[in-house]
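S.K.: If you're matching positions, the sequence shown starts at 15 in the working numbering and goes up one per residue.
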Amino acid sequence: MESPENESTHPSKDSVADDNEEIKRGSSEQTRLAGELKRLQSELDEARVQATLARLDLEEEKRKFQDEVASLQQLVTETVEESSRYESELKDLRRTNERLEAEVTELRGQSHEAPLLAAPGAMISTLARRVASQLGADSATPAPPPAPVIATADNLEESMRKAKEDAEVLRSLVIPLEEEINALKEKLRANDLLLRKYQEEGSHAESLDTTSSILESPAVDTASISGQENIKGNNLTSSQSKVPSSPLQNSVDGKVFDTSPESGKATECDMCLNYETQLVNEQRRVAELTKQLGLLERCRDDLQKEMANRKDMEQKWNENKEEHKAQVSELLQRVTSSEAALKELRGNFDQKTTSLTRELDRLRAQREQSQRDLDSIQLENEKLVGRYNAHSQELQDAFIDLPDKVEELQEMVLKCREDLIAARVGQERAEAVAATQREEAQLYLSQSEAEQQQRQQLENSLAAEINVLKTQLNKEEML
């Protein structure tokens with residue numbers, strides 16, 4: 015039977031068991047924290063990869079945007095340069111037109127002041143030669159290099175609008191001029207017939223008088239028409255509008271004033287040929303400039319389309335940029351939060367590891383101390399219960415050998431008394447333990463009876479519920 019000292023060892027064993035449980039809990043907590051750390055590390059790596067991919071996509075979109083912007087800028091620059099060249103040509107043509115208008119005004123003044131009746135053929139020839147020489151000099155003189163003009167799409171549209179307005183104005187001027195040219199040709203034919211008639215009659219003096227009276231108005235009209243032809247050609251080239259071919263080009267039959275001097279007749283034919291040549295050249299220039307105007311309009315349409323496409327692309331790129339920015343910001347926030355959580359977990363892990371290490375060292379030392387205490391208590395308990403004392407049978411069979419000396423006898427009596435006291439203590443402790451065990455057994459028995467009653471009640475209630483459910487099931491099956 016176990017002694018009272020053996021009972022005192024139970025708390026030490028319980029404390030050791032608690033320490034072991036705490037060590038196990040600490041190890042499981044450490045394992046859980048390590049798994050959480052690995053999971054957060056993998057999430058952080060994934061977030062970094064996503065952020066890198068988003069940054070690469072954003073850089074690729076920026077590169078594409080820059081390439082597209084560079085191509086659009088090159089196209090706009092080429093269009094602006096071409097527009098500047100056209101504007102410089104228009105300015106040159108306007109300056110030429112102004113010079114021709116001044117020359118025509120001067121020629122008109124000279125034509126009014128000159129004696130028309132003296133030599134009408136010579137006056138017309140001189141006027142035609144001066145106009146032709148002026149036009150030839152203008153066409154032979156190379157145009158000055160265009161000044162650099164910085165134009166935009168708005169300036170280009172404004173120039174096109176002004177050119178169209180000038181074209182409409184010039185069309186309204188060209189039609190009356192062509193009518194006047196036709197009338198002049200009719201007058202020339204009539205004058206030619208009259209001259210032939212007077213030549214047949216043989217009166218040269220009367221023919222000159224009649225011709226002077228008839229040619230008075232055509233001379234002035236001829237000077238006016240020559241100036242208007244120059245104005246028309248230059249205005250047409252400056253406005254880049256297309257003018258239909260004049261009837262002068264196909265209907266002149268070579269018949270002009272048939273005065274008696276052959277030189278006057280040749281001069282007038284040269285003047286008509288010069289008119290026709292100048293008109294054909296101007297029409298060619300107008301056709302060329304009309305083609306250039308069409309190309310310029312197509313370039314403007316292409317530029318507007320490119321600008322619209324560029325605006326749409328910029329809008330889409332801005333939307334994609336904002337979306338990528340939001341994604342990158344979200345990923346950065348996630349990375350930041352993950353890094354903060356990882357840092358916190360690392361701190362907690364280090365703290366827990368340090369505390370658990372200290373606790374394990376303390377528990378290990380405490381366990382060793384408890385083991386030493388347990389060994390000493392166990393030895394003392396064994397001594398108290400008389401484990402090393404002789405048993406009752408040994409005492410009965412032992413030979414009674416009393417010492418001869420009183421001191422030895424007294425020592426023997428004291429030893430027997432100690433053994434008796436130890437046996438009494440063990441008996442009392444065993445009786446107390448037996449009483450405790452009887453009480454515990456009684457308590458367990460009462461608990462078992464109570465549990466048996468509860469189980470019986472539960473079985474009865476379940477059986478009743480089963481019967482009720484069976485009854486309901488039978489009713490439903492019958493229905």
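Ideal placement from N, C-alpha and C gives every residue a C-beta, glycine not left out.
For clarity, every value in this text was computed on a predicted model and none was experimentally measured.
Given a cut-off of 8 Å, decide if threonine 367 and glutamine 8 are closer than it, judged by their beta-carbon atoms.
M.R.: Look at the range of the chain in this structure, 15 to 493, and you will see that residue 8 is not part of it.
S.K.: Would you call serine 252 buried or exposed, if buried means 16 or more other Cβ atoms sit within 10 Å of its Cβ?
M.R.: Note that serine 252 scores a pLDDT of 43, beneath 50, so its modelled location is shaky; the value from the coordinates is reported in the next line. That one is buried.
S.K.: Only counting the same chain, and skipping five residues up and downstream in sequence, which positions put a Cβ closer than 8 Å to that of leucine 423?
M.R.: Closer than 8 Å at the Cβ level, and outside the excluded window around leucine 423, lie Leu416 and Pro417.
S.K.: Quick check on serine 265: does DSSP put it in helix, strand or coil?
M.R.: Bear in mind that the predicted position of serine 265 carries a pLDDT of just 38, short of 50, making it unreliable; the figure below should be weighed with that in mind. DSSP places serine 265 in helix when its eight states are reduced to three.
S.K.: Between alanine 61 and valine 349, is the Cβ-Cβ spacing less than 8 Å?
M.R.: yes
S.K.: If you reduce the DSSP assignment to three classes, tell me which class aspartate 433 lands in.
M.R.: DSSP places aspartate 433 in helix when its eight states are reduced to three.
S.K.: Using the Cα positions of glutamate 479 and glutamine 456, report the straight-line distance between them to the nearest angstrom.
M.R.: 34 Å
S.K.: In three-state DSSP terms, what is leucine 416?
M.R.: In the structure shown, leucine 416 adopts coil according to DSSP, grouped into three states.
S.K.: Three Cβ pairs or more, each shorter than 8 Å: is that satisfied between the segment 49-57 and the segment 355-365?
M.R.: yes
S.K.: Verify whether the separation of the beta carbon atoms of glutamate 320 and leucine 86 is less than 8 Å.
M.R.: yes
S.K.: Rounded to whole angstroms, what's the CA-CA distance from alanine 448 to glycine 440? Just pull it up for me.
M.R.: 12 Å
S.K.: Might you give, ordered along the chain, the residues of its own chain that have their beta carbon closer than 7 Å to the beta carbon of aspartate 389, omitting 5 neighbours on each side?
M.R.: none
S.K.: Please state if the CB of leucine 310 and the CB of serine 97 are separated by a distance shorter than 8 Å.
M.R.: Less than 8 Å separates the beta-carbon of serine 97 from that of leucine 310.
S.K.: So, at 6 Å on beta carbons, what are the nonlocal neighbours of phenylalanine 79 in its own chain, with the 5 sequence-adjacent residues on each side left out?
M.R.: Trp331
S.K.: Return no unless some Cβ of chain C is closer than 8 Å to the Cβ of leucine 114.
M.R.: No chain C is part of this structure, which consists of one protein chain only.
S.K.: With 16 as the cutoff for other CB atoms within 10 Å, does alanine 197 come out buried or exposed?
M.R.: Around the beta carbon of alanine 197, fewer than 16 other beta carbons lie within 10 angstroms, which makes this residue exposed.
S.K.: Does the distance from the C-beta atom of aspartate 327 to that of glutamate 82 stay below 8 Å?
M.R.: Reading off the sequence, residue 327 comes out as methionine, not aspartate. Contact: yes.
S.K.: Looking at serine 351: is its Cβ nearer than 8 Å to the Cβ of glutamate 57?
M.R.: In terms of Cβ geometry, serine 351 and glutamate 57 do not form a close pair [threshold 8 Å].
S.K.: Less than 8 Å between the beta carbons of alanine 65 and leucine 345, yes or no?
M.R.: yes
S.K.: Quick one: what's got a C-beta closer than 7 Å to leucine 370's C-beta in the same chain, skipping five residues either side?
M.R.: Gly40 and Gln44
S.K.: Would you check if the distance between the CB atom of alanine 84 and the CB atom of histidine 338 is smaller than 8 Å?
M.R.: In this structure, histidine 338 does not lie closer than 8 Å to alanine 84 by Cβ.
S.K.: Label leucine 293 either buried or exposed according to how many other C-beta atoms from any shown protein chain fall within 10 Å of its C-beta, with 16 as the threshold for buried.
M.R.: buried
S.K.: Going by the beta-carbon positions, is the gap between leucine 356 and glutamine 55 smaller than 8 Å?
M.R.: yes
S.K.: Alpha carbon to alpha carbon, how far is glutamine 486 from glutamate 36?
M.R.: 54 Å
S.K.: Would cysteine 313 and threonine 119 qualify as a contact pair, given that the criterion is a beta-carbon distance under 8 Å?
M.R.: Taking the C-beta atoms as reference points, threonine 119 is found no nearer than 8 Å to cysteine 313.
S.K.: Quick check: the Cα distance between asparagine 488 and arginine 469, rounded to an integer number of angstroms?
M.R.: 28 Å
S.K.: Is tyrosine 100 near glutamine 347, with beta carbons less than 8 Å apart?
M.R.: no
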